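One point on numbering: in UniProt numbering, the residue at position 259 of the sequence shown is 259, and numbering is uninterrupted.
For glycine and all other residues, C-beta sits at the position ideal for the given N, C-alpha and C.
Source: prediction; values computed, not measured.
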Amino acid sequence: MVSWTVESPQRITLDEPITRLDAELISGRLNVVGADGPARVDVTRISDRPLLVEVRDGRLTIRHKRKPGWLGLFSWFGNRIRAEVSVAVPPDVLATLSVVSGALVASGLRRETRVDVTSGQVTLRGLRGRTSAKVASGPVEALGIGGDLELETVSGELVLADSAPDRVRAHAVSGSITCDLDNPSDSDIRLSAISGSITVRVREDSDLTVHLHSTAGRITSGFPQVGGAQRGLGSIRDSHGVLGGGTGRLWASATSGSIALLARPVAPADHVEDVP
1 MVSWTVESPQ
11 RITLDEPITR
21 LDAELISGRL
31 NVVGADGPAR
41 VDVTRISDRP
51 LLVEVRDGRL
61 TIRHKRKPGW
71 LGLFSWFGNR
81 IRAEVSVAVP
91 PDVLATLSVV
101 SGALVASGLR
111 RETRVDVTSG
121 QVTLRGLRGR
131 TSAKVASGPV
141 EALGIGGDLE
151 LETVSGELVL
161 ADSAPDRVRA
171 HAVSGSITCD
181 LDNPSDSDIR
191 LSAISGSITV
201 RVREDSDLTV
211 HLHSTAGRIT
221 SGFPQVGGAQ
231 RGLGSIRDSH
241 GVLGGGTGRL
251 WASATSGSIA
261 LLARPVAPAD
271 HVEDVP
């Protein structure tokens with residue numbers, strides 16, 4: 001095992017191959033990118049709490065150094081523990097990333113990425129494989145995502161755009177969900193919001209079986225194939241239909257918000273490209 005205690009801005013280049021990354025910041029900004037070449041850690045700003053960087057058996061760990069005993073526990077609640085860190089690792093690492101308060105950006109990772117932020121903003125770009133992001137308070141923006149994607153927020157907006165994921169699970173307790181998708185023919189998309197709206201835009205030549213449900217909100221559809229039914233006094237609404245061959249699935253449910261399904265025009269020269 002090799003380790004570094006970082007107390008000032010510093011770049012660390014790692015000779016050992018990295019297969020797993022565990023990075024945890026109490027406050028600040030964490031930027032992780034999948035890239036070829038040796039792994040490296042750039043600490044550009046740091047407060048009075050040092051960072052501990054360790055490498056053991058291919059596992060890179062980055063975290064704030066803790067003080068022993070009760071003093072260390074209570075010091076976590078202060079606002080003086082802050083760092084800004086950029087990490088470059090091979091694209092196929094297993095990545096577990098956490099920020100208590102701040103911003104987190106992950107890009108170019110292609111195996112499995114798990115993100116957990118208590119309060120702050122999450123940006124995901126060009127991720128493949130399995131991706132999950134949980135935020136207690138704050139927005140999540142996911143761009144150019146492929147593979148399996150799970151997004152969850154208690155209070156915040158979820159945005160998924162320019163993406164062709166195979167599987168999507170997105171849930172917002174208090175916040176809206178916005179998706180602009182290029183869908184593979186066998187995609188499985190499930191969206192749910194308790195207090196917030198859901199907006200989904202898909203290509204007009206999509207192959208999807210669609211089911212939309214809202215308990216106390218309106219449902220609108222830009223596709224004539226997707227029709228609605230209203231029961232009782234209008235408190236429950238359902239819309240369903242089949243687009244194209246219907247090989248994929250789109251399911252959306254809102255408790256107290258509206259749902260809008262929009263059609264994106266496709267030029268004759270356009271064609272669907274599967275995300276590798």
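Query                                                                                                : Result
Identity of the residue in ARG56, PRO165, VAL85 and VAL2 nearest ARG110 by Cα                        : PRO165
Whole alpha helix (DSSP H) elements within the region 97-163, 4-residue minimum                      : none
Rounded C-alpha distance that separates GLY257 from VAL93                                            : 38 Å
The region 221-229 / the region 154-168 touching (three or more Cβ pairs under 8 Å)                  : no
Candidates ILE145, ASP186, MET1 and ALA88: closest to GLY37 by CA position                           : ALA88
Distance between HIS213 and residue 278 (C-alpha atoms, nearest Å)                                   : Nothing about residue 278 can be read from this structure; the chain reaches only from 1 to 276.
Contact check, ILE81 vs SER27, beta carbons under 9 Å                                                : yes
For SER185, the nearest candidate out of VAL202, GLY175 and ALA193 (CA to CA)                        : VAL202
Neighbourhood of ASP180 by C-beta, 6 Å cutoff - its chain only, sequence neighbours within 5 removed : ALA161 and ARG201
Straight-line gap, GLY129 to LEU21 (C-alpha atoms, nearest Å)                                        : 16 Å
Whole-angstrom distance between THR199 and ALA172, CA atom to CA atom                                : 13 Å
When PRO50, MET1 and PRO17 are compared against GLN10, the one with the closest alpha-carbon         : PRO50
Reference ALA252; option with closest CA among VAL85, HIS64, VAL55 and VAL168                        : VAL168
Own chain, CB closer than 7 Å to GLY147, minus 5 neighbours either side, in chain order              : ARG128, GLY129, ARG130, THR131, PRO165 and ASP166
Cutoff 6 Å; reference ASP42; Cβ partners in own chain excluding five residues on either side         : ARG11 and SER86
Residue 289 (DSSP reduced to helix, strand or coil)                                                  : With the chain covering 1 to 276 only, the question about residue 289 has no answer from this structure.
Inter-residue Cα distance where the pair is ARG114 and LEU143                                        : 16 Å
Whole-angstrom C-beta distance between VAL117 and VAL105, which should lie under 8 Å                 : Between VAL117 and VAL105 the Cβ distance is about 11 Å, and since that is not below 8 Å, they are no contact.
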